[in-house]
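Trainee: Take the sequence shown: its letter number 4 is residue 26 in the numbering used here, and every next letter is one higher. Below are the structure tokens for one structure; questions will follow.
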Amino acid sequence: MAEYLFLAPFPRRRLASGRPDARARLERVDAGRSDMPHPLHSAGPPDWQSQGRTSQTTTPNRPVLLCLLCVLSSLVDLTTACPPTCLCNATDVDCSGRGLLSMPALTHLPVTAHTLLLPNNHLSSLGPGSFANLTSLERLDLSNNHLSSLGPGSFAHLTSLERLDLSNNHLSSLGPGSFAHLTSLERLDLSNNHLSSLGPGSFANLTSLERLDLSNNYLDNLPPVLFKDLGNLSDLTLHNNSLRALDRDLFQGLVGLRKLDVSLNGLSDIPLGLLDELQGLTWLSVAGNRLHALERAAFEPLANLQSLQLGANPWECDCNLRDFKHWMEWLLYRGGKVDGVECTLPKDLRGRDIRGVPVEMFNYCLQLDDENRGGGGTRSGGKEGSSPPCGRTTGPGAPTSGSEVPPAGDLVPVPDCVRRRYQPVSVRRAIGTVVIAGVVCGIVCIMMVGAAAYGCIYASLMAKYQRELKKRQPLMGDGEGDADPEDKQISSVA
């Protein structure tokens, strides 16, 4: 009877076929179970309203259950696809520091994986299909492994890759087209490898590349067209290599370059035209090379340069560095920064920063230029028949002393020229030093004159005081006996 009364508010619904609805049957069973008293509770009349409310709230929600089942099934699929030695989630696969000797099976990874970490392992090679199904991968870290070479199709399927780290491996060379399929790559790190040479097509098709790190390798020569496809490159690091010279066309087309580091190499010269297209460059380091002097014209295109690193070079602070010093002062004037440029030669300036050397010390260079322009056999060393200084030219019929210099179009180089050794003048001869010394001497003289005038005035005042004191002594003689001892002492002191 109780069951009948409880089911009364829930009439049975029938389908078109006449069979009871499944939901109605579930509601009937739940209602019947809720009507039965719990054996641990005391018997009593059931609360029909509260039981009906409970039955309605505890009814399972089928859409929520379906969502939970989908999530659980996806997690099960991800767990089964993850390599046993790696840690995986929806977007990252971490296989770092697992002691892997070969690439794990990555063929069943989910398409949502964007990051694959494989650093600090013992991988020595990459097969052509190692990353075949990872078309959505955006970051790949293979640093600190034993990779010695890259296969031609190692990264063929990684068309969405943006960051690739191959640092701290044993790579000695890069084959042509090693990264040709990585058209979305933005950062490439090849630092701390054994690279000694690079082919012309090593970085072909990397049109999206923004940062390239080739530091701490053994590169001694770079092809002129090595960076021709890197139009978006903004940061290039060639730090600590074995470069002895740079081709003037090496950086052609890198109009977006902002930072260039060629420090700690063996460069002895920066050729004219090398930096002509780097007008957007803001940071440049040529520190730690073998530079003795620099041409001002080589750096004048760098209109946006803000920081220049020149330290740890054997600078010769002579006339060959005069024009570059003027350009460096212009850079400092417009707010740029230049690190210390210490002179190694001549001995008089050794250890001094060229920025603190007065410009007047280079005035003798103008005199030497005038002498060199004069030509003739008596200009070099002052001896008859000696060779002209290097950097000047004479025609086939060299003019003798006192004759006019032929026009520039008829000049040809002289093979037996003698390089004039510039001897810098002493600082005492500089105009600025003379002016400063004169000002100091003038100030000292004025102070001495002032001291003498003060002494004269003081002496005259004291003499006048003594005369007045002597005039008063006869008048004060009658009252000396009545004066107190203290007054006598004061008068004696006066």
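The beta carbon of each residue, even a glycine, is placed where N, CA and C say it ideally should be.
#1: Could you check which residue in Gly121, Thr113, Gly333, Asp242 has the C-alpha nearest to that of valine 133?
#2: Identify every residue that forms a DSSP beta bridge with threonine 259.
#3: With the cut-off set at 8 angstroms, would you say leucine 272 and leucine 296 are in Cβ contact?
#4: Return helix, strand or coil for lysine 250, following the three-state DSSP convention.
#5: Distance, Cα to Cα, asparagine 190 vs leucine 260?
#6: Tell me the DSSP secondary structure of valine 133 in three-state form.
#7: Would you kindly work out how many angstroms separate the C-alpha atoms of glycine 378 and leucine 286, rounded to a whole number?
#8: With a cut-off of 8 angstroms on the beta carbons, I'd call serine 195 and leucine 217 a contact; round off their distance for me.
#9: Which term fits serine 124, buried or exposed, when burial requires 16 or more other beta carbons within 10 angstroms of its beta carbon?
#10: Quick one, which of Glu208, Gly197, Leu289, Asn155 has its alpha-carbon nearest leucine 258's?
#11: Are there 16 or more other CB atoms within 10 angstroms of the CB of tryptophan 352, so buried, or fewer, so exposed?
#12: In chain order, what residues of the same chain have a beta carbon less than 8 angstroms from the beta carbon of threonine 181, not counting five sequence neighbours either side?
#13: Of the residues Leu313, Gln301, Arg280, Leu279, which one's Cα is nearest the Cα of isoleucine 292?
#14: Compute the distance between the beta-carbons of arginine 233 and serine 213, then report whether it is under 8 angstroms.
#15: Do leucine 164 and proline 150 have their C-beta atoms within less than 8 angstroms of each other?
#16: Report the rounded CA-to-CA distance for proline 368 versus valine 308, giving the unit in angstroms.
#17: Return yes when the Cβ of arginine 374 is within less than 8 angstroms of the Cβ of histidine 348, no when it is not.
#18: What three-state label does DSSP hand threonine 181 in the structure shown?
#19: Would you mind stating whether leucine 162 and leucine 183 have Cβ atoms separated by less than 8 angstroms?
#20: So aspartate 345 is in the alpha helix (DSSP H); what residue range does that whole segment cover?
#21: For aspartate 211 and asparagine 167, what's the separation of their Cα atoms in angstroms?
#22: Less than 8 angstroms separating the beta-carbons of alanine 103 and leucine 139?
#23: Could you spell out the range, first to last residue, of the alpha helix (DSSP H) harbouring arginine 270?
#24: Based on the DSSP output, what are the partners of glutamate 364 in its beta bridges?
#25: Serine 152 and serine 118 - do their beta-carbons sit closer together than 8 angstroms?
#26: Express the C-alpha separation of tryptophan 337 and tryptophan 305 in angstroms, rounding to a whole number.
#27: Do you know how far the Cα of valine 277 is from the Cα of glutamine 328?
#28: Helix or strand or just coil, what does DSSP make of glutamine 488?
#29: Thinking C-alpha only, which one of Asn238, Ser230, Asn243 is nearest proline 222?
#30: For serine 219, which option in Gly197, Leu228, Ser230 has the closest C-alpha, if you only look at C-alpha atoms?
#31: Can you tell me which of the three DSSP states arginine 120 falls into?
#32: Please report the distance separating the alpha-carbon of arginine 185 from that of leucine 231.
#33: Per the DSSP calculation, cysteine 110 is bridged to which residue(s)?
#34: With 16 other CB atoms within 10 Å as the buried threshold, where does glycine 362 fall?
#35: Just to confirm, are leucine 324 and leucine 300 a CB contact at a threshold of 8 angstroms?
#36: In its own chain, which residues sit with a C-beta less than 7 angstroms from the C-beta of leucine 371, not counting the 5 before and 5 after it?
Mentor: Per the coordinate set shown:
#1: Numbered from 1 along the sequence shown, position 111 holds the residue referred to as residue 133. The residue with the shortest Cα to Cα distance from valine 133 is Thr113.
#2: Counted from its first residue, the sequence shown places residue 259 at position 237. Threonine 259 pairs with Asp235, Asp283.
#3: Along the sequence shown, one-based indexing puts residue 272 at 250. Along the sequence shown, one-based indexing puts residue 296 at 274. The criterion of a C-beta distance shorter than 8 angstroms is satisfied by leucine 272 and leucine 296.
#4: In the sequence shown, residue 250 corresponds to position 228, counting from 1. Coil at lysine 250, not helix or strand.
#5: Here residue 190 refers to the residue found at position 168 when the sequence shown is read from its first residue. Here residue 260 refers to the residue found at position 238 when the sequence shown is read from its first residue. Taking the straight line joining both Cα atoms gives about 15 angstroms.
#6: For the purposes of this step, residue 133 is identified with residue 111 of the sequence shown, where counting begins at 1. Note: valine 133 maps to coil in three-state DSSP.
#7: Start at 1 with the first residue of the sequence shown, and residue 378 comes out as number 356. Start at 1 with the first residue of the sequence shown, and residue 286 comes out as number 264. The straight-line gap from Cα to Cα measures roughly 25 angstroms.
#8: As a working mapping, residue 195 is identified with position 173 in the sequence shown. As a working mapping, residue 217 is identified with position 195 in the sequence shown. Confirmed, about 7 angstroms.
#9: As a position in the sequence shown, residue 124 is number 102, starting the count at 1. Result: exposed.
#10: Against the sequence shown, residue 258 aligns to sequence position 236. Of the candidates Glu208, Gly197, Leu289, Asn155, the one whose C-alpha sits nearest the C-alpha of leucine 258 is Glu208.
#11: Indexing the sequence shown from 1 puts residue 352 at position 330. The residue is exposed, with fewer than 16 neighbouring Cβ atoms inside 10 Å.
#12: Within the sequence shown, the letter at position 159 stands for residue 181. Same-chain partners within the cutoff: Thr157, His203, Leu204, Thr205, Ser206.
#13: Looking up residue 292 in the sequence shown gives position 270. Nearest option by C-alpha distance: Leu313.
#14: The count along the sequence shown starts at 1 and reaches residue 233 at position 211. The count along the sequence shown starts at 1 and reaches residue 213 at position 191. The answer is no: Cβ separation not under 8 angstroms.
#15: The residue labelled residue 164 in the question sits at position 142 within the sequence shown. The residue labelled residue 150 in the question sits at position 128 within the sequence shown. No, the pair does not count as a contact, with Cβ atoms beyond the cut-off.
#16: Counted from its first residue, the sequence shown places residue 368 at position 346. Counted from its first residue, the sequence shown places residue 308 at position 286. C-alpha separation (whole angstroms): 22 angstroms.
#17: Against the sequence shown, residue 348 aligns to sequence position 326. Against the sequence shown, residue 374 aligns to sequence position 352. Cβ distance not < 8 angstroms, so histidine 348 and arginine 374 don't count as in contact.
#18: As a position in the sequence shown, residue 181 is number 159, starting the count at 1. DSSP places threonine 181 in coil when its eight states are reduced to three.
#19: Residue mapping note: residue 162 aligns to position 140 of the sequence shown, counting from 1. Residue mapping note: residue 183 aligns to position 161 of the sequence shown, counting from 1. Taking 8 angstroms as the Cβ cut-off, leucine 162 and leucine 183 qualify as a contacting pair.
#20: Taking the first residue of the sequence shown as position 1, residue 345 is located at position 323. Where aspartate 345 is concerned, the enclosing alpha helix (DSSP H) stretches over 344–355.
#21: Position 189 of the sequence shown, counted from the start, is the residue given in the question as residue 211. Position 145 of the sequence shown, counted from the start, is the residue given in the question as residue 167. Cα to Cα, the separation comes out at about 14 angstroms.
#22: Position 81 of the sequence shown, counted from the start, is the residue given in the question as residue 103. Position 117 of the sequence shown, counted from the start, is the residue given in the question as residue 139. Not closer than 8 angstroms, so no.
#23: Stepping through the sequence shown from its first residue, residue 270 is reached at position 248. Looking at the DSSP string, arginine 270 is not in any alpha helix (DSSP H), and its letter there is neither H nor E.
#24: Here residue 364 corresponds to residue number 342 of the sequence shown, with the count starting at 1. Partner(s): Asp375.
#25: Residue numbering aside, residue 118 sits at position 96 when the sequence shown is read from its first letter. Residue numbering aside, residue 152 sits at position 130 when the sequence shown is read from its first letter. Result no, Cβ atoms of serine 118 and serine 152 do not sit closer than 8 angstroms.
#26: Residue mapping note: residue 305 aligns to position 283 of the sequence shown, counting from 1. Residue mapping note: residue 337 aligns to position 315 of the sequence shown, counting from 1. For tryptophan 305 and tryptophan 337, the distance between alpha carbons rounds to 21 angstroms.
#27: Working through the sequence shown from its first residue, we reach residue 328 at position 306. Working through the sequence shown from its first residue, we reach residue 277 at position 255. Taking the straight line joining both Cα atoms gives about 17 angstroms.
#28: Within the sequence shown, the letter at position 466 stands for residue 488. The answer is helix: DSSP assigns glutamine 488 an H, G or I state.
#29: Within the sequence shown, numbered from 1, the residue matching residue 222 stands at position 200. Proline 222 has its Cα closest to that of Asn243, out of Asn238, Ser230, Asn243.
#30: Within the sequence shown, residue 219 is the residue found at index 197, counting from 1. Checking every option, the nearest Cα to that of serine 219 belongs to Gly197.
#31: Looking up residue 120 in the sequence shown gives position 98. The answer is coil: DSSP assigns arginine 120 none of H, G, I, E or B.
#32: For this step, residue 185 is matched to residue 163 along the sequence shown. For this step, residue 231 is matched to residue 209 along the sequence shown. Those two C-alpha atoms are separated by around 9 angstroms.
#33: As a position in the sequence shown, residue 110 is number 88, starting the count at 1. Cysteine 110 pairs with Val115.
#34: Mapped onto the sequence shown, residue 362 falls at position 340. The residue in question, glycine 362, is exposed, as its Cβ has fewer than 16 Cβ neighbours within 10 Å.
#35: Here residue 324 refers to the residue found at position 302 when the sequence shown is read from its first residue. Here residue 300 refers to the residue found at position 278 when the sequence shown is read from its first residue. Yes, the Cβ-Cβ distance between leucine 324 and leucine 300 is below 8 angstroms.
#36: Here residue 371 refers to the residue found at position 349 of the sequence shown. So the qualifying residues of the chain are Cys339, Cys365, Val379, Pro446.
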